[in-house]
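Just so you know, we're using my numbering here: the sequence shown kicks off at 169 and counts up by one.
Okay, so here's the structure we're looking at.
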Amino acid sequence: MATTEHPPSRLRGWMLQGLSDMGKRGGLTGPHAEPEPPHQGQRWWRVMCLTGVDYFSTLGYQPGIAALAAGLLSPLATIVLIVVTLAGALPVYRRVAQESPHGQGSIAMLERLLSFWKGKLFVLTLLGFAATDFLITITLSAADASTHLVENPHLTSTLGGHQMLITLILVALLGAVFLKGFLEAMGVAVALVGIYLALNVVVVITGLWHVLTAEHVVTDWADALTVQHGNVFVMIGVALIVFPKLALGLSGFETGVAVMPHVQGEDGDTEERPAGRIRDTKKLLTTAAVIMSCFLITTSFITTLLIPAAEFKPGGQANGRALAFLAHEYLGNAFGTVYDVSTIAILWFAGASAMAGLLNLMPRYLPRYGMAPHWARAVRPMVIVFILIAFLVTWLFDANVDKQGGAYATGVLVLISSAAIAVTIAARKAGQRGWTIGFGVISAVFLYTTVANVIERPDGVKIGACFIAGIMLVSLLSRLARSFELRVTSVAMDPMAERFVRDMASRKIRFIANEPDNRDRAEYRDKIEQIRTDNDMPEQEDFVFVEVTVGDPSEFETCLTVRGEVLHNRYRVLTVESSSIPNGLAALLLHVRDLTGRTPHIFFEWTEGNPFANFLRFFLFGQGEVAPVTREVLREAEPDRARRPRVHTG
Numbered sequence: 169m170a171t172t173e174h175p176p177s178r179l180r181g182w183m184l185q186g187l188s189d190m191g192k193r194g195g196l197t198g199p200h201a202e203p204e205p206p207h208q209g210q211r212w213w214r215v216m217c218l219t220g221v222d223y224f225s226t227l228g229y230q231p232g233i234a235a236l237a238a239g240l241l242s243p244l245a246t247i248v249l250i251v252v253t254l255a256g257a258l259p260v261y262r263r264v265a266q267e268s269p270h271g272q273g274s275i276a277m278l279e280r281l282l283s284f285w286k287g288k289l290f291v292l293t294l295l296g297f298a299a300t301d302f303l304i305t306i307t308l309s310a311a312d313a314s315t316h317l318v319e320n321p322h323l324t325s326t327l328g329g330h331q332m333l334i335t336l337i338l339v340a341l342l343g344a345v346f347l348k349g350f351l352e353a354m355g356v357a358v359a360l361v362g363i364y365l366a367l368n369v370v371v372v373i374t375g376l377w378h379v380l381t382a383e384h385v386v387t388d389w390a391d392a393l394t395v396q397h398g399n400v401f402v403m404i405g406v407a408l409i410v411f412p413k414l415a416l417g418l419s420g421f422e423t424g425v426a427v428m429p430h431v432q433g434e435d436g437d438t439e440e441r442p443a444g445r446i447r448d449t450k451k452l453l454t455t456a457a458v459i460m461s462c463f464l465i466t467t468s469f470i471t472t473l474l475i476p477a478a479e480f481k482p483g484g485q486a487n488g489r490a491l492a493f494l495a496h497e498y499l500g501n502a503f504g505t506v507y508d509v510s511t512i513a514i515l516w517f518a519g520a521s522a523m524a525g526l527l528n529l530m531p532r533y534l535p536r537y538g539m540a541p542h543w544a545r546a547v548r549p550m551v552i553v554f555i556l557i558a559f560l561v562t563w564l565f566d567a568n569v570d571k572q573g574g575a576y577a578t579g580v581l582v583l584i585s586s587a588a589i590a591v592t593i594a595a596r597k598a599g600q601r602g603w604t605i606g607f608g609v610i611s612a613v614f615l616y617t618t619v620a621n622v623i624e625r626p627d628g629v630k631i632g633a634c635f636i637a638g639i640m641l642v643s644l645l646s647r648l649a650r651s652f653e654l655r656v657t658s659v660a661m662d663p664m665a666e667r668f669v670r671d672m673a674s675r676k677i678r679f680i681a682n683e684p685d686n687r688d689r690a691e692y693r694d695k696i697e698q699i700r701t702d703n704d705m706p707e708q709e710d711f712v713f714v715e716v717t718v719g720d721p722s723e724f725e726t727c728l729t730v731r732g733e734v735l736h737n738r739y740r741v742l743t744v745e746s747s748s749i750p751n752g753l754a755a756l757l758l759h760v761r762d763l764t765g766r767t768p769h770i771f772f773e774w775t776e777g778n779p780f781a782n783f784l785r786f787f788l789f790g791q792g793e794v795a796p797v798t799r800e801v802l803r804e805a806e807p808d809r810a811r812r813p814r815v816h817t818g
């Protein structure tokens with residue numbers, strides 16, 4: 169008798185589209201269903217545009233940040249940033265793409281270093297910084313877009329004072345695009361990046377023309393540098409010191425790796441060996457880094473030389489919009505307005521690459537750890553969750569770009585530092601001494617940059633800590649709520665185990681749950697006698713022992729392999745390894761029921777000790793209150809009592 173299933177509502181079907189438990193034939197059902205395979209992918213340059221809306225959009229505010237941080241030394245400090253980008257971040261993430269081609273990024277590389285709960289907590293910490301990076305990207309970019317909109321000369325009088333409302337509307341519109349579909353988001357990104365970069369080329373060429381034709385501009389700048397800093401070595405030293413303040417210009421690399429699954433690759437690619445995807449992702453990362461480096465140095469140069477220093481400060485016309493200032497100043501308000509519209513659009517949509525990163529990263533870890541609901545694997549519910557969090561962040565920071573800059577830089581730098589450490593370890597394990605030294609130096613540079621940034625702007629760590637605490641709290645509550653969920657994805661029995669089960673199916677299927685000790689003849693003989701005595705059963709009843717050993721109790725979902733063996737020429741034993749004893753037993757009983765069509769029975773002893781302490785042992789270590797938890801897992805997995813395997817405890 170099959171359990172009656174009610175067809176999902178249209179709204180639920182739309183919200184959870186992509187999960188294979190939505191009534192599709194041939195897929196797994198229930199809480200262990202995997203998402204459908206992603207679409208076939210897009211050409212690498214299209215995916216680059218999706219990640220580029222974040223990376224390239226920093227041109228909207230990066231020159232102003234550099235000018236405020238380094239003053240006249242802004243071009244030199246930007247050169248340091250470019251060197252770190254091309255010689256540091258780029259090689260690191262090219263290696264990350266090679267080592268982790270399925271979108272998990274450097275977090276997956278570091279996850280393999282630690283096991284059990286310490287590994288999970290470490291990953292949750294990194295996910296907290298990733299959430300800081302990606303969510304602040306959404307809110308900061310929307311806030312900067314609203315700044316450009318409000319400060320446009322034609323709109324200041326109309327929109328002034330409404331920056332918070334405008335920012336919230338922009339964040340909501342971003343969410344609406346992702347609710348519509350991922351491919352639509354990528355199409356918008358390609359158009360925005362193409363237009364924005366073309367307009368920036370015009371602004372850069374115009375700015376360089378004015379610098380070169382007005383010779384005194386360069387000489388005045390050089391003279392002022394000499395007066396302020398004395399000699400070249402002092403200038404380089406100061407540029408190295410202020411470089412961490414320019415760290416926002418390093419954003420985009422982690423997102424580029426996170427969206428790797430959407431890179432098309434080549435026909436011969438497989439999930440195990442996606443060589444084409446790896447090659448094209450490296451093209452994506454390299455091309456984006458080179459394009460951005462060219463824009464960073466040229467825009468830093470022209471804005472420093474052509475814009476008065478006072479205009480960069482809060483309240484100045486170039487604050488947060490240096491290139492827009494030049495566009496209006498040298499190309500007229502008509503072109504300037506077109507440039508403003510383009511900048512507003514790409515800053516608004518910069519959150520798209522961050523949203524794509526969140527949607528590719530979070531569902532790969534939290535549901536697998538049992539630290540998010542099953543629906544967290546679906547795109548649309550997660551989009552709604554992230555947009556609501558973005559609303560909260562926008563409100564808390566009053567839609568202010570400067571207030572969010574520290575958190576953004578901290579998130580970016582922690583992720584890049586962790587990636588550098590991960591590839592250093594990978595190179596060392598591969599016996600690549602030269603790469604190990606090189607990546608070690610890069611790691612030291614990024615660690616220094618991170619520490620310097622944290623000292624300069626400690627609010628970034630505080631905000632990151634709030635995200636980490638929030639993720640850990642929600643994750644542990646979710647794990648607690650899903651404690652009694654059947655979380656075994658598949659059960660496979662070897663021929664001996666299957667023979668035991670089919671033999672018992674002709675009579676009654678009776679299992680004894682046994683915690684293996686010495687595994688000698690006396691252990692099994694005494695266990696049978698105890699079960700018969702406790703349950704007042706006749707001697708002719710036969711049993712099969714089931715012994716579950718706990719592997720990594722911090723894992724949530726697991727596959728079971730059941731092996732059969734005969735011990736002491738008499739006792740039949742099924743051995744299983746699982747992350748949780750009750751879940752392993754429940755999954756085995758349900759599998760045996762489906763295999764034989766008969767209702768299996770399992771017999772336990774009561775667990776001695778405090779029930780609450782035993783539950784904590786089950787929650788943390790996968791063992792403890794075995795009998796009642798097994799029964800509860802079965803009750804949740806099989807609502808029909810008539811079909812539910814029987815649990816006996818004496």
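No residue lacks a Cβ here, since even glycine has one placed at the ideal position from N, Cα and C.
Practice problem: Could you say which of T764, S510, R647 and H430 lies nearest to Y537 if we only look at CA atoms? | Solution: Nearest of T764, S510, R647 and H430 to Y537, Cα basis: R647.
Quiz item: Taking buried to mean at least 16 other C-beta atoms within 10 Å of its own C-beta, is G194 buried or exposed?
Solution: Residue confidence for G194 is low, a pLDDT of 34 falling below 50, so the modelled location carries little weight and cannot support an answer.
Self-check item: Neighbour-count burial assignment, K286, 16 or more Cβ in a 10 Å radius
Solution: K286 should be labelled exposed.
Quiz prompt | Sequence-distant residues of its chain with Cβ nearer than 6 Å to A620 (five each side left out) | solution = P412
Self-check item: Three-state class that DSSP yields for H270 in the structure shown
Solution: coil
Self-check item: Straight-line Cα distance separating E439 from T817
Solution: 46 Å
Exercise. Assign A660 to one of three DSSP states: helix, strand, or coil.
Key: strand
Quiz item: Residue range of the alpha helix (DSSP H) that I404 falls in?
Solution: V400 to V410
Quiz item: Can you tell which of R178, L393, S468 and W212 has the C-alpha that lies nearest to the C-alpha of L249?
Solution: S468
Practice problem: Could you work out which residue in G732, Y739, V801 and V561 is closest to E753 when comparing CA atoms only? | Solution: The displayed chain sequence assigns Leu, not Glu, to residue 753. Ranking the options by Cα distance to L753, first place goes to V801.
Self-check item: Same chain, Cβ closer than 7 Å to L826, five either side skipped, listed in chain order
Solution: This structure leaves residue 826 out entirely; the chain is present only between 169 and 818.
Exercise. Between the Cα of A518 and those of L360, F679 and I247, spot the shortest distance and give me the residue it belongs to.
Key: Of L360, F679 and I247, the residue nearest in Cα terms is L360.
Practice problem: For H736, name the three-state secondary structure that DSSP assigns. | Solution: Reduced to three states, the DSSP call for H736 is coil.
Quiz item: In whole angstroms, what separates the C-alpha of T394 from that of G343?
Solution: 50 Å
Self-check item: G433 vs R445 beta-carbon contact at 8 Å
Solution: Their beta carbons are under 8 Å apart, which means G433 touches R445 by this criterion.
Practice problem: Tell me whether F713 sits in a helix, a strand or coil according to DSSP, three-state version. | Solution: strand
Exercise. Would you give the residue range spanned by the alpha helix (DSSP H) that R678 belongs to?
Key: Careful: R678 lies outside any alpha helix (DSSP H), inside the beta strand (DSSP E) at R678 to A681.
Quiz item: Roughly how many whole angstroms lie between the Cα atoms of L473 and N528?
Solution: 41 Å
Quiz prompt | Alpha-carbon spacing of K821 relative to W389, whole angstroms | solution = For the chain, the structure presents residues 169 to 818; residue 821 sits outside this window and is missing.
Quiz item: The beta strand (DSSP E) with T817 in it runs from where to where?
Solution: T817 -> beta strand (DSSP E) spans R814 to T817.
Exercise. Would you tell me roughly how many angstroms separate the C-alpha atoms of Q600 and G256, rounded to the nearest one?
Key: 17 Å
Quiz item: Between the C-alpha atoms of V718 and Y223, what's the straight-line distance to the nearest angstrom?
Solution: 45 Å
Exercise. Identify whether S746 lies in helix, strand or coil by the three-state DSSP scheme.
Key: strand
Practice problem: Determine the extent of the alpha helix (DSSP H) in which I470 is found, giving its start and end residues. | Solution: First-last of the alpha helix (DSSP H) with I470: A443 to L474.
Self-check item: Proximal residues to L581 (C-beta, below 7 Å), its chain only, five neighbours per side dropped
Solution: A415, F614, T617, T618 and N621
Practice problem: Using 10 angstroms around the beta-carbon of R799, count the other beta-carbons present and answer buried if the total reaches 16, otherwise exposed. | Solution: buried
Quiz item: Residues bridged to C727 by DSSP?
Solution: The partner list for C727 (beta bridge, DSSP) reads S658.
Exercise. Could you check if T197 is buried or exposed, using at least 16 other CB atoms within 10 Å of its CB as the buried criterion?
Key: For T197, the predicted structure reports a pLDDT of 33, less than 50, and the residue's modelled location is therefore unreliable. A value from the coordinates is still provided. It counts as exposed.
Quiz item: Nearest-angstrom Cα distance between A567 and K481?
Solution: 18 Å
Quiz item: On the three-state DSSP scale, how would you describe V431?
Solution: strand
Self-check item: Candidates E806, R811, V760 and E697: closest to F772 by CA position
Solution: It is E697 whose Cα lies nearest to the Cα of F772.
Quiz item: By a C-beta neighbour count over all protein chains shown, 10 Å radius and 16 as the cutoff for buried, is P750 buried or exposed?
Solution: buried
Quiz item: For the beta strand (DSSP E) that F652 lies in, which residues bound it at each end?
Solution: First-last for F652: undefined, no H or E at that position.
Quiz prompt | Which of helix, strand or coil DSSP assigns to F565 | solution = coil
Quiz item: Would W516 be called buried (16 or more neighbouring beta carbons within 10 Å of its own) or exposed?
Solution: buried
Quiz item: Less than 8 Å separating the beta-carbons of V629 and T578?
Solution: yes
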